[in-house]
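To start, the structure under review is shown below, and the notes come after it.
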Amino acid sequence: MAAPDPTASPPRLARWLRVAVIGRNPKVTLGRALVLAAVCIVVFKFILLPARVEGISMLPTYQDHTMAFVNRLAYLWHPPRRGDVVGIRLAGMHVMYLKRIVGLPEETVAFRNGHVFINGKLLDEPYEKLPCDWTLPPVKDGPDQFFVVGDNRSMPPGEHVFGRVERDRIVGKAVL
-16 MAAPDPTASP
-6 PRLARWLRVA
4 VIGRNPKVTL
14 GRALVLAAVC
24 IVVFKFILLP
34 ARVEGISMLP
44 TYQDHTMAFV
54 NRLAYLWHPP
64 RRGDVVGIRL
74 AGMHVMYLKR
84 IVGLPEETVA
94 FRNGHVFING
104 KLLDEPYEKL
114 PCDWTLPPVK
124 DGPDQFFVVG
134 DNRSMPPGEH
144 VFGRVERDRI
154 VGKAVL
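Under the numbering used here, the residues of the sequence shown are numbered -16 to 159, in order.
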């Protein structure tokens, strides 16, 4: 049996597969892969921070043990808005709560019979799906504070983390 000719071209399928996987120019493909890897590292390290949802305080919007991303650039051109789900920094950038903003700076927030009142007016909350019976006294936000609370208010208030938070502790807006 004769040895294969090393100068012969590879079979047509093998050539097609190599071009599909590596491209016609492997150096250009490697360069593109490195640029893509660098962009992904920058995006997921500095812009979109991963946040793992632990617990049921954001049900039904975010399920327990799911992933969300917090966009750190969301509030460069406008302040946080009512209804936004935000990442709130606790210790460093890697420990965050996800909560919904219901009260803006200088507003008074109160809970009566499970409903949120802002400056005495009922807040429309279409995202609030679970029954709630909270009644809590009014709280006035400071000039740089937001009132945040989870969507699952069927839990007793004592088991729920909520309240005023300083603007500098809001990391960004939750996406995905």
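Virtual Cβ for every residue (Gly too), placed ideally from N, Cα, C.
>> Going residue by residue through the stretch 9 to 56, where are the continuous alpha helix (DSSP H) segments of at least 4 residues, counting only ones entirely within it?
In response: 9 to 25
> For the beta strand (DSSP E) that contains LYS156, what are its first and last residues?
Replying inline: Against the sequence shown, residue 156 aligns to sequence position 173. Looking at the DSSP string, the run of the beta strand (DSSP E) that includes LYS156 is 153 to 158.
> What do you reckon, are the CB atoms on GLY155 and VAL78 nearer than 8 angstroms?
Replying inline: Translated into positions along the sequence shown, residue 155 becomes position 172. Translated into positions along the sequence shown, residue 78 becomes position 95. No.
> Taking the Cβ atom as the reference point for each residue, do LEU56 and ALA93 lie within a distance shorter than 8 angstroms?
Replying inline: Against the sequence shown, residue 56 aligns to sequence position 73. Against the sequence shown, residue 93 aligns to sequence position 110. Not in contact: LEU56 and ALA93 (Cβ atoms no closer than 8 angstroms).
>> Quick check on the burial criterion: 16 or more other C-beta atoms within 10 angstroms. Buried or exposed for VAL131?
In response: Counted from its first residue, the sequence shown places residue 131 at position 148. Buried.
>> Within a Cβ cutoff of 8 angstroms, which residues of the same chain sit near PRO126, ignoring the five residues on either side of it in sequence?
In response: Taking the first residue of the sequence shown as position 1, residue 126 is located at position 143. Hits under 8 angstroms: PRO88, GLU89.
> In its own chain, which residues sit with a C-beta less than 8 angstroms from the C-beta of PRO114, not counting the 5 before and 5 after it?
Replying inline: Along the sequence shown, read from residue 1 onward, the residue named residue 114 stands at position 131. Once the five neighbours on either side are set aside, the close Cβ partners of PRO114 are GLY97, SER137.
> Leaving out five residues before and five after LEU42 in sequence, what residues of the same chain have Cβ atoms less than 6 angstroms from its Cβ?
Replying inline: Translated into positions along the sequence shown, residue 42 becomes position 59. So the qualifying residues of the chain are ASN135.
> In terms of residues, what are the limits of the beta strand (DSSP E) holding GLY70?
Replying inline: Looking up residue 70 in the sequence shown gives position 87. 68 to 72 is the extent of the beta strand (DSSP E) around GLY70.
>> By DSSP's criteria, GLY146 is part of a beta bridge. Which residues make up the other side?
In response: Taking the sequence shown and counting its residues from 1, one reaches residue 146 at position 163. Partner(s): VAL131.
>> Can you look up VAL122 in the DSSP assignment and give me helix, strand or coil?
In response: Position 139 of the sequence shown, counted from the first residue, corresponds to residue 122. Three-state result, VAL122: strand.
> Going along the chain, which residues of its own chain have a beta-carbon closer than 7 angstroms to the beta-carbon of PHE100, five neighbours each way excluded?
Replying inline: Taking the first residue of the sequence shown as 1, we reach residue 100 at position 117. Within the same chain, PHE100 has close Cβ partners ALA93, LEU106.
> For ARG1, which three-state DSSP category applies?
Replying inline: Against the sequence shown, residue 1 aligns to sequence position 18. Three-state DSSP puts ARG1 in a helix.
> By how many angstroms is the C-alpha of ILE71 removed from the C-alpha of HIS48?
Replying inline: Here the question's residue 48 lines up with position 65 in the sequence shown. Here the question's residue 71 lines up with position 88 in the sequence shown. Computed Cα separation, rounded: 18 angstroms.
> In or out: GLY133 buried (at least 16 other Cβ within 10 Å) or exposed?
Replying inline: Taking the sequence shown and counting its residues from 1, one reaches residue 133 at position 150. Result: buried.
> Using the C-alpha atoms, what's the distance from VAL22 back to ALA16?
Replying inline: Translated into positions along the sequence shown, residue 16 becomes position 33. Translated into positions along the sequence shown, residue 22 becomes position 39. The alpha-carbon atoms of ALA16 and VAL22 are separated by roughly 10 angstroms.
> Does the beta-carbon of TRP117 have 16 or more other beta-carbons within 10 angstroms, so that it is buried, or is it exposed?
Replying inline: Residue 117 sits at position 134 when you count from the first residue of the sequence shown. Label assigned to TRP117: buried.
>> Do ASN54 and VAL158 have their beta-carbon atoms positioned less than 8 angstroms apart in this structure?
In response: Within the sequence shown, the letter at position 175 stands for residue 158. Within the sequence shown, the letter at position 71 stands for residue 54. Closer than 8 angstroms, so yes.
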